[in-house]
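Peer 1:
Numbering (our numbering), first residue to last: 242 to 386.
#1: Using only CA atoms, which one of 317, 315, 322, 316 lies nearest to residue 301?
#2: Since residue 304 is in the beta strand (DSSP E), which residue starts that stretch and which ends it?
#3: Residues bridged to residue 269 by DSSP?
#4: I'd like the list of long-range same chain contacts for residue 259, defined as Cβ closer than 8 Å, with 5 residues on each side in sequence excluded.
#5: Quick one, are the C-beta atoms of residue 317 and residue 303 less than 7 Å apart?
#6: If the criterion is Cβ atoms closer than 7 Å, does the pair residue 314 and residue 367 meet it?
#7: Tell me whether residue 251 sits in a helix, a strand or coil according to DSSP, three-state version.
#8: Comparing alpha-carbon positions, which option in 312, 355, 350, 256 lies nearest residue 379?
#9: Enumerated in chain order, which unbroken segments of the beta strand (DSSP E) with a length of 3 residues or greater are wholly contained in the segment 305-343?
#10: Smallest Cα separation from residue 377: which of 363, 347, 330?
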């Protein structure tokens, strides 16, 4: 039986710390993970980011909203919302939740409605909704300035 080849790396102690040395290059091996998009060629998947709610910034009812690519073509951008726009946005969120619950109940009652999620998955439908939301956000941003 033959002995296995020597390891590419060796571990040495420097100043009461263990350091890994690459035997081929003689350089110290970094422990920090590579930053995505730094040229490694392998794309890394980050955590799924979800849209966030507006953050209240003052007592007069104004808020700031950092947009998400899910609904804004120009995302991410931070938009200052006046009290009326913040109220409209909260009502739209409530309406979306109610529509989602009613859709689930309707699909359970009548499974043929499974066509609805398929239609919403269509790229043209999503792009149209995203364009409409971007237009509304552009108007809100123009009014704030």
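For glycine and all other residues, C-beta sits at the position ideal for the given N, C-alpha and C.
Peer 2: With the given structure in hand:
#1: The sequence position of residue 301 within the chain shown is 60, counting from 1. Of 317, 315, 322, 316, the residue nearest in Cα terms is 322.
#2: Residue mapping note: residue 304 aligns to position 63 of the chain shown, counting from 1. It spans 304-307 - the beta strand (DSSP E) in which residue 304 sits, taken as one unbroken run.
#3: Taking the first residue of the chain shown as position 1, residue 269 is located at position 28. As computed with DSSP, residue 269 is found in a beta bridge with 262.
#4: The residue labelled residue 259 in the question sits at position 18 within the chain shown. Closer than 8 Å at Cβ, skipping near neighbours: 252, 253.
#5: Counting from 1 along the chain shown, the entry for residue 317 is found at position 76. Counting from 1 along the chain shown, the entry for residue 303 is found at position 62. Taking 7 Å as the Cβ cut-off, residue 317 and residue 303 do not qualify as a contacting pair.
#6: Taking the chain shown and counting its residues from 1, the one referred to as residue 314 is at position 73. Taking the chain shown and counting its residues from 1, the one referred to as residue 367 is at position 126. For the pair residue 314 and residue 367, the CB atoms are not nearer than the 7 Å cut-off.
#7: Locating residue 251 in the chain shown gives position 10, where the first residue counts as 1. Note: residue 251 maps to strand in three-state DSSP.
#8: Your numbering for residue 379 matches position 138 in the chain shown. Taking only the C-alpha atoms, the option nearest residue 379 is 312.
#9: Counting only runs of 3 or more, we get 319-322.
#10: Taking the first residue of the chain shown as position 1, residue 377 is located at position 136. Answer by Cα proximity: 330.
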